[in-house]
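Trainee: Handing you a structure now.
Protein chains: 2
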Amino acid sequence: MATLYTIGLDYGTNSVRALIVNVANGAEVAGAVWNYTHGTQGVILSRDPNLARQHPADYVKGAEITIKQALAAAKKSVRGFNAGQVIGIGVDTTGSTPLPVDKNGQPIAFQKKFANHPAAMAWLWKDHTGVAEAAEITAIAKKMRPQFLAKCGGTYSSEWFWSKILRCLRVAPEVFNAAHAWVELADYVPAALTGMEHPKKFIAGVCAAGHKAMWNAKWGGYPDAQFLSKLNPKLGKLRARLTPRVHSIDRAVGGLTAAWAKKTGLPVGIPVAVGAFDAHLGAVGSGVAPGTLVKIIGTSTCDIAISPNTKKLADVPGLCGIVDGSVLPGHFGLEAGQSAVGDIFNWFVNYIQPGAPTTASASSGTSRDGARRSATHEELTEAAAKLKPGESGLLALDWNNGNRTILVDQRLTGLLLGQTLYTTPAEIYRALIEATAFGALTIINRFEEYGVKISSVVNCGGIAEKNPVVMQIYADVTGRPMKVSRSAQTCALGSAVAAAVVAGAHKDYATAQKRMTGLKPKVFKPDVKAHATYKQLYRLYRKLHDAFGTKIWKGNLFDVMKELIEIRGVVRH
Amino acid sequence: MATLYTIGLDYGTNSVRALIVNVANGAEVAGAVWNYTHGTQGVILSRDPNLARQHPADYVKGAEITIKQALAAAKKSVRGFNAGQVIGIGVDTTGSTPLPVDKNGQPIAFQKKFANHPAAMAWLWKDHTGVAEAAEITAIAKKMRPQFLAKCGGTYSSEWFWSKILRCLRVAPEVFNAAHAWVELADYVPAALTGMEHPKKFIAGVCAAGHKAMWNAKWGGYPDAQFLSKLNPKLGKLRARLTPRVHSIDRAVGGLTAAWAKKTGLPVGIPVAVGAFDAHLGAVGSGVAPGTLVKIIGTSTCDIAISPNTKKLADVPGLCGIVDGSVLPGHFGLEAGQSAVGDIFNWFVNYIQPGAPTTASASSGTSRDGARRSATHEELTEAAAKLKPGESGLLALDWNNGNRTILVDQRLTGLLLGQTLYTTPAEIYRALIEATAFGALTIINRFEEYGVKISSVVNCGGIAEKNPVVMQIYADVTGRPMKVSRSAQTCALGSAVAAAVVAGAHKDYATAQKRMTGLKPKVFKPDVKAHATYKQLYRLYRKLHDAFGTKIWKGNLFDVMKELIEIRGVVRH
Numbered sequence: 002m003a004t005l006y007t008i009g010l011d012y013g014t015n016s017v018r019a020l021i022v023n024v025a026n027g028a029e030v031a032g033a034v035w036n037y038t039h040g041t042q043g044v045i046l047s048r049d050p051n052l053a054r055q056h057p058a059d060y061v062k063g064a065e066i067t068i069k070q071a072l073a074a075a076k077k078s079v080r081g082f083n084a085g086q087v088i089g090i091g092v093d094t095t096g097s098t099p100l101p102v103d104k105n106g107q108p109i110a111f112q113k114k115f116a117n118h119p120a121a122m123a124w125l126w127k128d129h130t131g132v133a134e135a136a137e138i139t140a141i142a143k144k145m146r147p148q149f150l151a152k153c154g155g156t157y158s159s160e161w162f163w164s165k166i167l168r169c170l171r172v173a174p175e176v177f178n179a180a181h182a183w184v185e186l187a188d189y190v191p192a193a194l195t196g197m198e199h200p201k202k203f204i205a206g207v208c209a210a211g212h213k214a215m216w217n218a219k220w221g222g223y224p225d226a227q228f229l230s231k232l233n234p235k236l237g238k239l240r241a242r243l244t245p246r247v248h249s250i251d252r253a254v255g256g257l258t259a260a261w262a263k264k265t266g267l268p269v270g271i272p273v274a275v276g277a278f279d280a281h282l283g284a285v286g287s288g289v290a291p292g293t294l295v296k297i298i299g300t301s302t303c304d305i306a307i308s309p310n311t312k313k314l315a316d317v318p319g320l321c322g323i324v325d326g327s328v329l330p331g332h333f334g335l336e337a338g339q340s341a342v343g344d345i346f347n348w349f350v351n352y353i354q355p356g357a358p359t360t361a362s363a364s365s366g367t368s369r370d371g372a373r374r375s376a377t378h379e380e381l382t383e384a385a386a387k388l389k390p391g392e393s394g395l396l397a398l399d400w401n402n403g404n405r406t407i408l409v410d411q412r413l414t415g416l417l418l419g420q421t422l423y424t425t426p427a428e429i430y431r432a433l434i435e436a437t438a439f440g441a442l443t444i445i446n447r448f449e450e451y452g453v454k455i456s457s458v459v460n461c462g463g464i465a466e467k468n469p470v471v472m473q474i475y476a477d478v479t480g481r482p483m484k485v486s487r488s489a490q491t492c493a494l495g496s497a498v499a500a501a502v503v504a505g506a507h508k509d510y511a512t513a514q515k516r517m518t519g520l521k522p523k524v525f526k527p528d529v530k531a532h533a534t535y536k537q538l539y540r541l542y543r544k545l546h547d548a549f550g551t552k553i554w555k556g557n558l559f560d561v562m563k564e565l566i567e568i569r570g571v572v573r574h
Numbered sequence: 002m003a004t005l006y007t008i009g010l011d012y013g014t015n016s017v018r019a020l021i022v023n024v025a026n027g028a029e030v031a032g033a034v035w036n037y038t039h040g041t042q043g044v045i046l047s048r049d050p051n052l053a054r055q056h057p058a059d060y061v062k063g064a065e066i067t068i069k070q071a072l073a074a075a076k077k078s079v080r081g082f083n084a085g086q087v088i089g090i091g092v093d094t095t096g097s098t099p100l101p102v103d104k105n106g107q108p109i110a111f112q113k114k115f116a117n118h119p120a121a122m123a124w125l126w127k128d129h130t131g132v133a134e135a136a137e138i139t140a141i142a143k144k145m146r147p148q149f150l151a152k153c154g155g156t157y158s159s160e161w162f163w164s165k166i167l168r169c170l171r172v173a174p175e176v177f178n179a180a181h182a183w184v185e186l187a188d189y190v191p192a193a194l195t196g197m198e199h200p201k202k203f204i205a206g207v208c209a210a211g212h213k214a215m216w217n218a219k220w221g222g223y224p225d226a227q228f229l230s231k232l233n234p235k236l237g238k239l240r241a242r243l244t245p246r247v248h249s250i251d252r253a254v255g256g257l258t259a260a261w262a263k264k265t266g267l268p269v270g271i272p273v274a275v276g277a278f279d280a281h282l283g284a285v286g287s288g289v290a291p292g293t294l295v296k297i298i299g300t301s302t303c304d305i306a307i308s309p310n311t312k313k314l315a316d317v318p319g320l321c322g323i324v325d326g327s328v329l330p331g332h333f334g335l336e337a338g339q340s341a342v343g344d345i346f347n348w349f350v351n352y353i354q355p356g357a358p359t360t361a362s363a364s365s366g367t368s369r370d371g372a373r374r375s376a377t378h379e380e381l382t383e384a385a386a387k388l389k390p391g392e393s394g395l396l397a398l399d400w401n402n403g404n405r406t407i408l409v410d411q412r413l414t415g416l417l418l419g420q421t422l423y424t425t426p427a428e429i430y431r432a433l434i435e436a437t438a439f440g441a442l443t444i445i446n447r448f449e450e451y452g453v454k455i456s457s458v459v460n461c462g463g464i465a466e467k468n469p470v471v472m473q474i475y476a477d478v479t480g481r482p483m484k485v486s487r488s489a490q491t492c493a494l495g496s497a498v499a500a501a502v503v504a505g506a507h508k509d510y511a512t513a514q515k516r517m518t519g520l521k522p523k524v525f526k527p528d529v530k531a532h533a534t535y536k537q538l539y540r541l542y543r544k545l546h547d548a549f550g551t552k553i554w555k556g557n558l559f560d561v562m563k564e565l566i567e568i569r570g571v572v573r574h
């Protein structure tokens with residue numbers, strides 16, 4: 002029997018990737034990446050630092066180009082490969098990234114008059130323009146429908162579906178009125194590939210709907226019209242135009258259209274799985290199972306765990322959501338996350354250390370003529386690795402892009418303290434890494450405080466792949482071994498796993514994961530001494546976290562700088 | 002009658018300057034600067050960031066070289082000038098910068114076996130190794146002699162005389178035991194020039210003794226032996242070996258020795274005034290008078306005010322000191338200060354933006370090939386000037402080197418908050434400038450809270466001279482006009498004024514100041530709108546200041562980041 006393959010399509014913040022995977026063993030035989038062409042690295046920005054949009058034309062063009070290029074690459078690398086061996090497609094995307102569509106399911110940004118209107122674009126996950134709207138949704142839900150909030154950590158985020166739509170209604174009513182419905186990017190792409198033209202025929206994923214749009218089978222799907230009308234009567238009416246068909250990723254939304262088959266060379270009618278968020282399918286591609294936390298670490302993180310839906314689970318305050326079937330069928334999917342991780346390191350290098358050479362070939366921090374100069378990620382990482390925990394006396398909060406879990410508050414910002422007149426960029430860089438590790442620990446603790454035991458942490462994503470220093474610091478800070486997913490493309494791999502399941506190549510997800518996913522042999526183990534110091538530092542981090550992030554904390558911070566100096570003294574001695 | 006001149010010798014952190022001044026009109030006819038040769042830019046450092054020492058050989062060599070060079074320069078620039086027209090010398094130095102000396106008043110660092118011993122050097126003002134000792138002195142004084150603390154702001158600093166000596170006694174007893182006595186740099190130089198070889202014959206200035214060594218005529222001079230013995234019996238014994246002769250700057254310590262006259266070409270026996278700290282003589286050179294605050298802004302600041310000693314004055318908590326006659330005879334001298342100002346800007350440019358070109362010739366922040374790169378002071382200042390108050394959303398504490406006034410606490414460190422993923426170096430640079438302005442306002446407020454009315458602020462020093470953006474921000478933050486001293490070398494000028502008084506060229510300081518000092522025509526006036534925004538920001542600064550800097554503050558900081566975002570939104574709109 003011929004080898005069979007599936008394609009995972011992975012829509013990231015700056016680019017889209019197609020990955021062709023052997024369903025028998027998970028071998029990633031070929032892939033292609035295409036950078037979006039609109040905006041700055043694919044993101045349309047403005048003077049308002051909260052605004053981040055994408056043009057949907059990039060999504061359609063990206064699917065075509067990457068599928069074709071990946072197939073061509075597979076033909077070169079695999080003897081006898083032909084596109085007819087591809088039996089299914091899976092799709093994962095960023096989210097919540099909703100976009101307004103017309104009656105035919107076409108993005109209204111495709112209409113000439115809206116082609117450059119920022120509100121007609123896809124509202125990228127990290128768009129925070131809806132901060133006021135999120136607060137309003139939270140306040141009204143708190144009064145009318147507390148159960149809505151209980152499933153999404155107690156606070157509705159500006160990053161999510163309804164905040165963005167309500168914001169559009171207010172600042173760009175012409176766009177809202179021109180839209181028949183709004184769809185998540187994770188649902189738009191499978192719909193486009195399978196030709197589901199009317200939003201009401203769309204099959205939406207429970208992942209996006211459940212985590213970001215307060216959809217829950219218990220209360221009959223999306224928030225009721227009465228609640229939505231309280232926000233705005235037009236929002237109440239919109240509800241009826243959203244699809245009632247919401248499913249887990251164990252089913253297909255339809256078959257590939259003839260038009261798409263023709264332009265890509267793939268067989269007509271092969272199943273396209275229900276779409277889901279990159280992190281959720283990344284967790285699948287990393288072998289997520291009860292007891293395993295998967296951390297997808299990139300510009301931000303998503304932290305995914307699952308728990309069998311046969312057992313009652315408490316609502317966990319601060320989580321992005323608990324949704325039955327959002328990761329794997331038969332399990333509650335629990336999503337947490339940090340609003341910025343790699344983005345903080347990138348900010349420091351690109352904004353605060355501008356002009357560093359892009360390669361690491363030059364000797365560390367010194368130009369050829371011997372003068373010190375700005376440093377690259379590689380140089381800063383190398384120098385940071387030489388520092389001991391506590392040695393710099395610095396402590397940072399990882400809030401440059403707000404705090405997703407456990408505070409669910411976009412109106413927070415970064416903080417760095419402990420600077421002297423001798424503080425170096427490498428010390429700051431390490432403090433920023435440590436801050437994200439403290440944020441990660443806060444999330445793990447929150448899971449466990451509410452009965453979701455974490456016995457294993459699997460990391461994936463660019464930083465987990467490329468930066469052993471970050472992984473070691475995470476192990477030392479959390480006091481837990483850090484495992485790394487075998488695949489460098491777990492999200493795309495997870496999509497390919499979903500495609501394999503809906504195409505019938507494996508009987509269920511457990512089998513498909515066993516065959517197609519795995520871990521790297523290297524495990525980062527915590528150093529006892531480093532962990533002891535980090536325990537002291539984490540106590541101070543938590544004090545800052547609570548002092549700036551909560552209303553209930555009362556006290557002063559008189560000891561924070563002094564204890565850092567104390568720890569620095571002990572470590573340096 | 003021939004024109005008469007005096008020489009002001011000004012010992013800074015990195016160099017010494019000699020300035021030749023016409024006593025009739027304050028014209029600065031010639032000068033010379035010599036950089037110390039020991040350590041890094043004249044400062045001996047170690048791995049301990051608290052340590053900062055200087056080699057006394059630099060002091061002696063510096064006097065000779067700069068006097069000779071200044072005289073040579075005067076001969077070139079003033080027709081008919083000859084060294085015989087110089088009628089006196091004044092000396093100002095950094096402080097508290099004590100050094101151990103032998104029975105003959107010679108620095109023990111001049112002995113071969115101590116030539117490289119860090120404890121045998123001068124303990125530079127910014128040496129903070131005596132933090133624990135300062136805390137102990139404060140604690141014991143609080144119990145035994147609360148009056149000692151009342152005159153120095155309530156807390157004895159690690160920067161001061163006794164903390165350093167006690168520290169030396171503990172970590173380098175071999176140095177302490179080899180020393181006959183300890184003298185302040187401000188007293189050492191006049192003594193060396195006039196040949197007072199035994200410490201007991203030294204005339205010490207009341208400025209250093211009163212502000213840094215708890216000397217007060219009311220309690221019989223230096224702290225009593227019982228108190229000092231409580232710290233360490235050897236300290237109690239040291240007291241008897243310190244000079245009992247402590248005076249204001251209206252008298253001379255003696256006449257220039259034949260040896261010094263010979264090597265410099267100056268007349269033998271011309272009077273050398275009692276030495277004082279640079280800031281105090283800088284205040285004299287800026288025309289200090291009751292109601293006028295003089296800010297000497299350099300790497301750190303000293304803020305000097307005076308109040309007639311005929312009127313009772315309350316003790317002001319947090320001030321570096323209130324000492325009768327320490328600035329001008331007949332007045333209480335009040336000294337406050339910020340531990341780092343220019344040093345913070347230098348840290349940011351030299352450490353965090355390394356490798357920027359040293360000239361401002363390149364276009365702002367962009368190298369010739371168009372790539373962004375690290376920025377210089379000039380570029381950052383230019384970019385910072387374009388920002389509106391509150392526009393960055395940033396807020397900083399100016400504590401990278403601790404806090405001198407009003408907290409008197411070295412165990413504090415820098416803080417920056419409000420960072421997003423788009424925060425730029427120019428925004429941070431401006432936030433650091435603003436932080437020092439908030440620190441300056443806190444000092445002005447403290448003076449006025451205790452009845453010392455400030456009706457005029459005169460700035461001097463490198464930053465006041467060179468950076469109109471900083472001056473404008475100070476005006477906008479404080480809501481007060483910022484005046485700038487006419488002289489670019491007010492400390493050296495003040496020393497020359499002192500020399501003119503002790504040489505009898507003017508009948509008193511008021512007359513000498515009127516003739517020899519003045520202001521620049523440009524006054525920086527506060528902008529009403531900017532001041533209104535800064536009032537909001539200062540409230541938040543003060544909240545951070547009190548939360549991290551005091552034990553008595555109770556609350557949370559939940560609103561700080563949110564209000565900054567709010568203000569940013571209003572300003573950008």
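Here the protein sequences line up with chains R and B, keeping their order.
At position 274 of the first sequence the residue is numbered 275 (our numbering), and the sequence of numbers has no breaks.
At position 285 of the second sequence the residue is numbered 286 (our numbering), and the sequence of numbers has no breaks.
We put the beta carbon where it would ideally sit given N, CA and C, even for glycine.
Taking 8 Å as the limit between beta carbons, can you name the residues of its chain near ILE407(B), skipping five residues before and five after?
Mentor: Around ILE407(B): GLY154, PRO318, GLY319, LEU320, ALA337, THR443, ILE444, ARG447.
Trainee: Reducing DSSP to helix, strand and coil, say where ALA25(B) ends up.
Mentor: Looking at ALA25(B) - three-state DSSP - the assignment turns out to be coil, as it is neither helix nor strand.
Trainee: What are the uninterrupted segments assigned as beta strand (DSSP E) that are 3 or more residues long and contained completely in the region 374-401 of chain R, given in chain order?
Mentor: The qualifying runs are 396-398.
Trainee: Report the residues of the region 427-439 of chain B with a CB closer than 8 Å to any CB of chain C, ordered along the chain.
Mentor: Structure shown: chain C not included; protein chains present are R and B.
Trainee: At 9 Å on the CB atoms, spell out the chain R contacts of TRP554(B), in chain order.
Mentor: By Cβ distance, chain R contributes GLY556, ASN557, LEU558, PHE559.
Trainee: Against chain B, does SER375(R) count as a neighbour if the rule is that its beta carbon must be under 8 Å from one of theirs?
Mentor: Closer than 8 Å to some Cβ of chain B, the Cβ of SER375(R) qualifies, so yes.
Trainee: Can LEU194(R) and LEU257(R) be called in contact, C-beta distance under 8 Å?
Mentor: Yes, the pair counts as a contact, with Cβ atoms nearer than the cut-off.
Trainee: Quick check for students: name the residue ranges of the alpha helix (DSSP H) that lie wholly in the region 476-507 of chain R, counting only runs of 4 or more.
Mentor: Complete alpha helix (DSSP H) runs here, min 4: 491-503.
Trainee: Could you tell me which residues DSSP puts in a beta bridge with ASP316(B)?
Mentor: Its beta-bridge partners do not exist; DSSP assigns none.
Trainee: Just to confirm the assignment, what range does the beta strand (DSSP E) spanning ILE90(B) have?
Mentor: Its beta strand (DSSP E) spans residues 87-94.
Trainee: Report all residues from its chain with a CB closer than 8 Å to the CB of VAL561(B); omit the five preceding and five following residues, and keep chain order.
Mentor: Only LEU396, LEU418, LEU541, LYS544, LEU545 meet the Cβ criterion.
Trainee: Whose Cβ in chain R lies nearer than 8 Å to the Cβ of LEU52(B)?
Mentor: Ordered by position in chain R, no residue passes the 8 Å Cβ test against LEU52(B), which lies about 11 Å from the chain.
Trainee: Within its chain, find whatever has a CB closer than 6 Å to the CB of GLY462(B); leave out the 5 residues flanking it on each side and keep chain order.
Mentor: Result list for GLY462(B): ILE297, ILE298, GLY299, in chain order.
Trainee: Return the residues of the region 161-177 of chain B that lie within a Cβ-Cβ distance of less than 8 Å from chain R, sorted by chain order.
Mentor: Those would be none; no residue qualifies.
Trainee: Are LEU398(B) and ALA436(B) closer than 8 Å when you measure CB to CB?
Mentor: It is a contact, given that the beta carbons lie within the stated cut-off.
Trainee: Using the beta-carbon of each residue, which ones in chain B are nearer than 7 Å to LYS563(R)?
Mentor: The answer, in chain order, is ARG412.
Trainee: Classify GLY452(R) as helix, strand or coil using the three-state DSSP reduction.
Mentor: Looking at GLY452(R) - three-state DSSP - the assignment turns out to be coil, as it is neither helix nor strand.
Trainee: Please state if the CB of GLY91(B) and the CB of THR7(B) are separated by a distance shorter than 8 Å.
Mentor: A contact, by the Cβ cut-off of 8 Å.
Trainee: Counting only beta-carbon separations shorter than 8 Å, does GLN420(B) have a partner in chain R?
Mentor: Cβ-Cβ to chain R under 8 Å: yes for GLN420(B).
Trainee: Listing by chain order, which chain R residues have their CB less than 9 Å from the CB of LEU417(B)?
Mentor: Within chain R, the residues near LEU417(B) are GLY415, LEU416, LEU417, LEU418, GLN420.
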